[in-house]
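For the sequence shown, UniProt numbering assigns the number 1 to the initial residue and increments by one for each residue that follows. Even glycine gets a Cβ: it sits at the ideal position worked out from N, Cα and C. Note that this is a predicted model, so its numbers are computed, not measured. As structure tokens, the structure follows; a few thoughts come after it.
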Amino acid sequence: MDRTILHCDLNGFYASVELRERPDLWEKPVAVCGDPESRHGIILAK
């Protein structure tokens with residue numbers, strides 16, 4: 001059986017859903033942010 005790896009950009013998904021629900025944001029920059037106190041996981045920037 002071949003191994004398959006799937007990477008999902010959930011931040012992009014959340015932004016797309018918000019733009020669909022709020023078309024007034026189409027011409028504005030959109031960012032996905034969070035509370036630094038409650039963040040979990042690993043963040044890698046290179």
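For PRO23, three-class secondary structure by DSSP: helix
Cβ neighbours of GLU27 in the same chain (closer than 8 Å, five flanking residues each side left out): none
Nearest-angstrom Cβ-Cβ length linking LEU19 and LEU25, presumed shorter than 8 Å: 6 Å
Backbone CA spacing between ALA15 and HIS7 [nearest angstrom]: 17 Å
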